[in-house]
Each structure stands twice: as structure tokens, then as C-alpha cells.
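Chains as they are written, first to last, in this note's numbering: chain A, 160 to 324; chain B, 3 to 793. Using N, Cα and C, we set each Cβ at its ideal position, and we do this for glycine too.
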Amino acid sequence: MTATRGHLISVTINGRPAEFAVTPNLSLLELLRTDGGSPEVKLGCGEGVCGTCTVLLNGEPINSCLVWAVQADGGEITTVRGLAADGELHELQNAFLDHAGSQCGFCTPGMLLTVKWYLDRHPTADREELRHAIAGNLCRCTGYTKILDAIEAYRDLRLTENDGD
Amino acid sequence: MATDTGRIQGRDAPVKEPPTRPAPTRGPLGRTSPVPHRDFVEKVAGTLPYADDWGFPGILHGVVVRARVPCARIVSIDVSAAREVQGVRAVLTAADIPHNAISEEASGLGIEQTVQPVLAGERIRYDGEPVACIAAETMVAAVEAAGLVDVEYEDEEGVFTIDEALAEGAPNVHPGGNNYVTYNSEIGDVDAAMERADHIIEATYQTPRVDHAYLEPESGVGWVDSDGVVTLRVSTQVIEHARALAEILELPHSRVRVIAAYMGGGFGGKEDMTVEPYLAALVWKTRRPVRMVWERQESLLARQKRHPFRMHYRTGVRDDGTIVAQDIKILGDAGAYPLLSSRVLFAGGVNSTGPYRCLDARMQSTAVFTNTVPASAFRGFGAMQVVFGYESQMDLIAERLGLTGEQVRERNFVARGDIRVTGEPIEMECGTRECMHRALEELGELSQPTSGGKVGRGFACSMQPYGRSMFFADRASAWVGLEQDGTMVIRAGVTDLGAGQAASLANIAGEILGVTVDRTSVHIGDSHLTPLTGGTFATRQLYMSGNALQKVATLLRDKLAPVASDLLGCDASELEWANNLVGVAGDRARSVTMAELSRTAEAREVMPYCHDTFTAQAGEFDPETGQGQTYPDYTHGCHAADVEVNERTGEVKILKYVAVHDVGRAIDLQRVEGQIQGAAAQGIGYALSEEMETEGGVLHSTLFANYLIPTSLDLPDLRAIGLELYLGKGPFGARGIGEPPIGPCGPALASAIHDAIGVRMLRLPMIPERVLAAIRTGRDDSVPGPGKEGV
Chain A
160 MTATRGHLIS VTINGRPAEF AVTPNLSLLE LLRTDGGSPE VKLGCGEGVC GTCTVLLNGE
220 PINSCLVWAV QADGGEITTV RGLAADGELH ELQNAFLDHA GSQCGFCTPG MLLTVKWYLD
280 RHPTADREEL RHAIAGNLCR CTGYTKILDA IEAYRDLRLT ENDGD
Chain B
3 MATDTGRIQG RDAPVKEPPT RPAPTRGPLG RTSPVPHRDF VEKVAGTLPY ADDWGFPGIL
63 HGVVVRARVP CARIVSIDVS AAREVQGVRA VLTAADIPHN AISEEASGLG IEQTVQPVLA
123 GERIRYDGEP VACIAAETMV AAVEAAGLVD VEYEDEEGVF TIDEALAEGA PNVHPGGNNY
183 VTYNSEIGDV DAAMERADHI IEATYQTPRV DHAYLEPESG VGWVDSDGVV TLRVSTQVIE
243 HARALAEILE LPHSRVRVIA AYMGGGFGGK EDMTVEPYLA ALVWKTRRPV RMVWERQESL
303 LARQKRHPFR MHYRTGVRDD GTIVAQDIKI LGDAGAYPLL SSRVLFAGGV NSTGPYRCLD
363 ARMQSTAVFT NTVPASAFRG FGAMQVVFGY ESQMDLIAER LGLTGEQVRE RNFVARGDIR
423 VTGEPIEMEC GTRECMHRAL EELGELSQPT SGGKVGRGFA CSMQPYGRSM FFADRASAWV
483 GLEQDGTMVI RAGVTDLGAG QAASLANIAG EILGVTVDRT SVHIGDSHLT PLTGGTFATR
543 QLYMSGNALQ KVATLLRDKL APVASDLLGC DASELEWANN LVGVAGDRAR SVTMAELSRT
603 AEAREVMPYC HDTFTAQAGE FDPETGQGQT YPDYTHGCHA ADVEVNERTG EVKILKYVAV
663 HDVGRAIDLQ RVEGQIQGAA AQGIGYALSE EMETEGGVLH STLFANYLIP TSLDLPDLRA
723 IGLELYLGKG PFGARGIGEP PIGPCGPALA SAIHDAIGVR MLRLPMIPER VLAAIRTGRD
783 DSVPGPGKEG V
């Protein structure tokens, strides 16, 4: 693709190293959706408001529409497909399935990554804290109630598992 | 087959099976599904290919060039510089579109058509109207060329509000005048009944222009297939647009095919065509595959919205609260083109009396053209705007008479057999009363303030139709068959908005044939390869395709039953179809697998598949008299809420929210709750924050940053209750639930705000500025405009 000629960058996408030649004005989102082979990263608004394009860059959630591809050079990128290991869904994904936390599914990839990041740091967060945690990820289908139900179920499952260790 | 050549874009895209999971979940109708339907698994895995996650080597990038004036004559269009940009393969203007008209007789009642061009060639009627479209090898080239399309405009005087449009001597948006269509219905003698009333309650209400704001932009790809068929794979609610596209290209209907990808939300905004005509024209012109994705900003600017309504209600009541007369006038801003306005204002008008009995009633509803972005379908479709009118009226009546809101409603609830303003009786049972009681009971004790504000409680009821107007004589077809290994295949032209439309088909057929969802493949949304069901809109899809599936699955079971009973040595009436087996009821030892049944049937030339059509109950409506049959049935409900109003800022915080609807029979109760919660969230945004303001035809809210849909912080937990009270007309007695839960939010919250601060909001959205103004003046918020008879 002609749009990706230019600066050479190295990144890992879901643990897989890759190199791309990118123009300075190419967003990380566009790179991921095209040559990056990660169409699971979705474009929602392109202005950094809806959180649909959220990925983890070096472990932190970012709006990939607002980050240039060149800024990701040397970085580790995790998309929603990085959550599932060896063909098994992550327990957070299972919780979204069980609680119907996904309807049209378009906000789901970004939502899952934000939640994963937040609960890794705040494993005992309560429902109100979780409500704040996902405020940057818009959902137009669910009204968030079942999303929060799913997140709480996953949180409780993790806490139970850790108790057993 | 050409679809097999389409691939998720990008050379690295691994094409592999999505992760699966074995754990059971709640089944449809309580039993047949051990796993969630595949689309939901793929959605959480991130592997579901949406319309834009698809591509071809060498695909071109398409863009639409839009006018940025609201009302003008086009003097000239010069595309020569745009065509010279390196990599540009096509620059199309009005002259390049074979039949430059998006034409559909939308009303179903013979309302005269007003032609909407695919590309404007003579006049610009709204800000953002398409004037050209471009396909280029790169997006950079397409955008550069778009900037070089040189259009000379001569500004013309426009009409930007309903009042301007209806003023004497106003310039016309279209030659036929600014009154696009008016419906009148009347029963009894309204004037005489009004004379006899003890009280007349009169008010004007206003609702906003809002955007669907689904998260997936309008998008798709198109190509000319190997057999010469123009094929689009797009995010759409209606694959039947293939015919309109064929007419635009002046091709036979059989030469244009539309495939609907699973949508990232639609809510009515993908019911009219979006990218389709531009994609189709560019594909046909270049004979190359083309991709088109609209930017969020152009989606907000120029794709159709919900109609703003101004509603004047005059209600005559007796001292005891009994409604004796209703006189209702509605004006809806249709924007610059008709689209589905004729149907929306019809729905608004005939549903404007709500779930309340009145034998002397009159309604008039009018769609008005203005030089603003067109309005069309949006969840609730006219029947939701009027809920704000009729429910606010009930509160005003209660207030005037010193009764409670419950008492006034109790006196007036409709029941089966009551006559509507259209002269037709209500055919099915009505559960509004039970929903009201349940919602209020569920709310419990009045909430305590959380931050020193005033707390209030309110509720609102609704009765909204599901299914298309009966004069459309609606139809849906479906195909179901068993493979030799006993797995089930379903084919139906359903489009899936994300609400589980495909999953429902698997659930319904599975309930009848006993095949589990994990052993079922559902093929949907292909105008050439799946039997047509009609689009997913009007809360019709479960009703229509659900009934079609129930019909074909039952036919197939009846066809296979003799083979099964012969294999099992039992009577057909003893057969039990469950868990991928056909057995003898009560005798676990005797059963055959679906695979064995399927193979045996085929060997005996009993082909294990069926295709048939469900036809909805048809009716007739006379637009001259306003009398006749309108909708097949209704879904009833009640929402109740506690709010806290900050008296210093005017902010409204919802403390508790309960939404109750009678769903007849839930196909999947969890998904029903999801629909209720999602609609309530959208209705709460409509009530409190969403509004697309225009000034001189220019829209101010063209960013998500200033068009405020609810975030997780703006909503409380939404308690959704799907009651199974009275059976409806859907499969197994289901009632539609996609749209109805969006109606009661606005009036329920207005009622709660009134309870908290003693003033009533007559306009939506109830933004802090308006609430604060009402608090400070101590007067009800009012609607600007002529008022009284002029609405």
C-alpha cells in the first residue's frame, strides 16, 4: 500500500514482531487495520471520543486513532485478539458472552481492553469504580448495565481463583 | 463464488477459526440452546468481519463530495482538476448517474413522490448534500481530488424551521410546496365532546432532532462479480435496496446484489441507503472493487436524523379524570427530502392518543419540508415522539384535577376491543396497567439524594406498534434444511443489527426441530442467495421472519415425521424433537439421530428441507378519511424513575430506573432485557442530552465531542423486566421489543423532574440550561413557536 511507505518502524502486535514502512501522517489505527492485519481494531469516530479504537500500547490503553504509527515504534501492541490464548476465549470474554455484554459488538474490542487493563491494576474495584473506568468507551446498544454485570462477574471469578491459590 | 475471493483486508490477516467455548448459557424458550449463537462468540473474540473488514487486492477508495451550503442553485461544477489527480479513477457528478433518483413510494398510500437525486445537479437543499463522488487508488488521492471539485453556487433563500417553511410566501424546498403530507383521522364528534368536558387541558410539546450515533460508520465494499453482477457488501438494514440500486444504474434487478454484513448498530439509520448508491455507481463506472467508509463528521452532518416534532394536545376530561375528547396536531420537520417521512408522520399521528380510550378524538399530523438534513427512520419511528405528548398530558390532567398519575391512567387505559382514532378496534390484549403497577412496585422506596439535590419520582406508559402498517401486506420468506450429518441450515434475508436477529432464527427453528444452536448455520442478508424477508425495521423482523421460520420449521417437521415414526415404530404424535435427536416421548431408549433421520428421509425421496412464506395479516387504510387498519399489534410498557435535580446547576441525575414491557413470550429473555436497556439508554440520551441544533440550516453538532450520547457515567443501572402477560402475534406469541422501550423515557423523566422541582419541562432534551431556567423563573419550560391551533 502506497500510504505506508516512509519511516521504518518495529512493533509487536499480540506478541508477534513486525516491521512497517509508514508515512508520518498514518495513524496507528489505520496501520493496524491495513498492513497490521488487525481489522478487529475498529474505527468509531476518528476524533478520540468514543474509545472504539482502543488498543493497549506498552500495556496502556490508547485511542489508536489519535496516535501516529511512528509513535508506536518499538512498542508492544495488544488488540482484542491478543486476549484469547490458543483458541480459548479469555475469561473476561466469556463473562461478556454469559451476561450479553455485547450486542452489535462494535465497541466490544475496545471495551474489553480497557476493562482488562483496569482490573489488572484494580482487581477489587467496585461497580461505581468500574462505571468510571469504562466512561471513555461509548456503547450505543446495551445501556452499559449488562457490560458492568459481565465485568463484575469476571472480577469475582478472578478474586475467587486468587483466593484458591 | 465471488464472496470467497473477499478477504479480511491486509496481507497478514490470519484467517483462522475464532475461539470457541463449551460452557452452557440460558437457552431460548428455556431449553434448546447449549451455546450462544456464533456471531456473539465472534464479537467478543474480535473476529466478526463487519462491512469494512473486507477487501480485495487493488481496491479503490471512494469518497463523497458534499456541498457546504444549505440552500443554493448550482451554477456550474468543474471536475477537470479533480480528474487529473494521479491515481484518480472516477469523478462522478449528477450527469454520470444513469437514473439520478433515489425513488421509493414510501408511504404505501400513494403519496406523490418527490425525487431525491443521488448527486445534486441543479439545486442544493441541505448542508452536506452530495454533489460528486470519487474513486482513487489511494485515500490520499481521493481526498485531494475531492478538494479540487469546483462547484459554483448561487445562494438562495431557504427555510430552516417549520415556522419559516409554513410562513406565507415562504420559498419552496420542492415545487409542490413545503407541506409534504398531512394525515387526518377523526372519530366521534370532538367539538361537541369538548363542549361537554369539565376541563380542557392544553399544551404544546417539542422533541429534538437527534442522530442514531451507532458506533460503526456507514461503510461497505462493492465489486462487479464474475457473472457481471454489481455486488455490494455493506452495513445496511435493507438488502431489498438492490432493486432501487439497479434502477439507479439502469440495470435489470437481477444484476445488482446486496449482501448485509453484521451491523455495528443501525437503529433505523441504515434503513435508507447510505453508501450504497455511491459505491454502486463507482463500481459500475470503474469495473473495479471500491471501498467507502463515511467519516463520523459527515455521518453526523448529512445522514438522516429523527424528526423533530412539535405537538399540540387539547384534551377534554371529566372531573373524575375520564378523557372525553382529544384534539391533537403534530408537525414534523422532514428536512429537505421525503425519505420515510410519510410513514413516520403516519405512525406519529395514528399513535398519538396512546394507550388511552377516547371515542371523540381527532388527530392531524403533517410532514414539513425545510432546508435541513433529511429526517427519516429512527427507533420508535414517530410513535415514540408522541409518547412525550400523551404522557405529559396525563400528568397535566392529574395535576389539574388533584389526582395521582396512576388514578388518571387507570380510568382511561385501553382494552381489547376499544376503538382507536382510526376507527379500528384493538384486536389483542393490552397489558399497560400491569406494566405500570410492576414498574412502580419495583422502584420501591423513594431514593435519597446523593448530593444535596431535590429528589422526585415519575413514570410514563406507552403503547407502540410492532410490524409494518397493515396496508403493506407484509411478507417474509425462509428456508430450512437438514444436512446429512444432522446439522441444520437456515437461509433468510434477515439483516442483523446486533440485537440477535440471526440467533433468534436458530432458536426458533431449534425449538421446533430439536437441533441445537451449535449444530445450526444461519445464512442471512443476501439479496441473491437468501429468501427475502424484508428489512430489519419497524420492530418487524422477529414478528415476520420469526413467523416464517416457525412456519417452515413446522412444515419440515411434519414432512419428516412419517419417516421418523416409521424408523421408531411409533405414532407421529408420540415423537419428541430435542437435543439433536428424535425420540419416542417418555421412552428414552428409542430415538434416532437427526443425521440418521435426514439420510433416511433423503433415501426415501423425502427431501429434508422446506421453503415458504409468511404473510402478515393485511388491512386497508383510506388516507382520505383517515379510517382503516393500521398496525397488527402493539407492545405495552411503563418506565419509572427517581431523579435528583441539582437546583444550582439544573443537572438531572437518574438515581433509579425501571423499564417494564409485556413481551408476550420471550424468545431469549436475556436478549430481551438487553433490548429494553439499550432502548432506555437511547431514550434517556434523547430526554436529557442529545440535540442536533441548527442555525440557518447549518448543523452545530457534527462531532461526538459535542453530540452527547450517554456514557456509563450518565446512566444508572437500568432494571429491565420483560413480562410474559398476553401473547402477541410473533412466533410462539412473542411481541416485538426493538423499538417500544425508547418511548417512555422522556415523559417519565419529565414527570420525575416535575415531582422534584415543581416545574414541568415541555421540551426535550431537558438540558441543564433549560431546567435551570425553569427553576429560576418558577415557570414551566415552554415551546417557542406560534402555539395554540398553529401548533
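Buried or exposed by the 16-neighbour rule on C-beta atoms within 10 Å, applied to residue i
{"i": "B:G698", "result": "exposed"}
{"i": "B:G780", "result": "exposed"}
{"i": "B:Q88", "result": "exposed"}
{"i": "A:P220", "result": "buried"}
{"i": "B:T627", "result": "exposed"}
{"i": "B:R778", "result": "exposed"}
{"i": "A:D245", "result": "exposed"}
{"i": "B:G509", "result": "Per the sequence presented here, residue 509 of chain B reads as Asn, with Gly not at that position. Under this definition B:N509 is a buried residue."}
{"i": "B:S753", "result": "buried"}
{"i": "B:V117", "result": "exposed"}
{"i": "A:P282", "result": "exposed"}
Residue-level contact to chain A via CB, residue i, 8 Å cutoff
{"i": "B:I711", "result": "yes"}
{"i": "B:P30", "result": "Low confidence applies to B:P30: its pLDDT is 44, below 50, so where it sits in the model is not reliable, and the reading given next is rough at best. For B:P30, the answer is no, since every Cβ of chain A falls outside 8 Å of its Cβ."}
{"i": "B:E431", "result": "no"}
{"i": "B:M265", "result": "yes"}
{"i": "B:E273", "result": "no"}
{"i": "B:G745", "result": "no"}
{"i": "B:T535", "result": "no"}
{"i": "B:V43", "result": "yes"}
{"i": "B:D804", "result": "Given a span of 3 to 793 for chain B in the structure shown, any question on residue 804 of chain B remains unanswerable."}
{"i": "B:P788", "result": "no"}
{"i": "B:V46", "result": "yes"}
{"i": "B:T27", "result": "Below a pLDDT of 50, predicted positions are generally treated as unreliable, and B:T27, at 38, falls in that range; no measurement from the model is reported."}
{"i": "B:G270", "result": "no"}
{"i": "B:E646", "result": "no"}
Neighbourhood of residue i by C-beta, 6 Å cutoff - its chain only, sequence neighbours within 5 removed
{"i": "B:L657", "result": "S449, D644, E646"}
{"i": "B:I241", "result": "V260, A262, G495, G527, S529"}
{"i": "B:D635", "result": "M430, G730, K731"}
{"i": "A:M270", "result": "N296"}
{"i": "A:C204", "result": "none"}
{"i": "A:A309", "result": "A254, F255, H258, G260"}
Supposed close pair residue i, residue j - CB separation, criterion 8 Å
{"i": "B:P718", "j": "B:Y659", "result": "5 Å"}
{"i": "B:G687", "j": "A:F265", "result": "No, B:G687 and A:F265 are not in contact; Cβ-Cβ is about 17 Å, not under 8 Å."}
{"i": "B:L303", "j": "B:L701", "result": "6 Å"}
{"i": "B:R765", "j": "B:D782", "result": "Contact doesn't hold; Cβ gap of about 10 Å is too wide."}
Cβ of residue i within 8 Å of any chain B Cβ
{"i": "A:Y277", "result": "no"}
{"i": "A:I168", "result": "no"}
{"i": "A:P268", "result": "yes"}
{"i": "A:F255", "result": "yes"}
{"i": "A:C224", "result": "no"}
{"i": "A:G165", "result": "no"}
Neighbourhood of residue i by C-beta distance below 7 Å, restricted to the same chain and skipping five residues each side
{"i": "B:P533", "result": "S479, A480, W481, R493, A494, G495, H613"}
{"i": "B:L710", "result": "S691, E692"}
{"i": "B:G230", "result": "R257"}
{"i": "B:V81", "result": "V93, T95, A134, V151"}
{"i": "B:D573", "result": "S567"}
{"i": "B:C747", "result": "H641, A682, G685, I686, Y688, A689"}
{"i": "B:N180", "result": "V161, A167, L168, A172, N174, V370, F371"}
{"i": "B:L398", "result": "I203, A205"}
Proximal residues to residue i (C-beta, below 8 Å), its chain only, five neighbours per side dropped
{"i": "A:P176", "result": "S169, V170"}
{"i": "B:E297", "result": "P219"}
{"i": "A:P183", "result": "G165, H166, W227, V229"}
{"i": "B:L515", "result": "V482, L484, M490, A555, L558, R559, W579, M596"}
{"i": "B:F623", "result": "L111, T424, S471, M472, F473, Q629, G630, Q631, T632"}
Entirely enclosed beta strand (DSSP E) segments - the stretch 350–413 of chain B, minimum 3 residues | Correct list: 363–371.
Which parts of the stretch 42–94 of chain B are runs of the beta strand (DSSP E), unbroken and 3 residues or longer, counting only runs that do not cross its ends?
-> The qualifying runs are 62–68, 74–80, 90–94.
Enumerated in chain order, which unbroken segments of the alpha helix (DSSP H) with a length of 4 residues or greater are wholly contained in the stretch 118–178 of chain B?
-> For the stretch 118–178 of chain B, whole alpha helix (DSSP H) runs of length 4 or above, ordered along the chain, are 141–150, 164–168.
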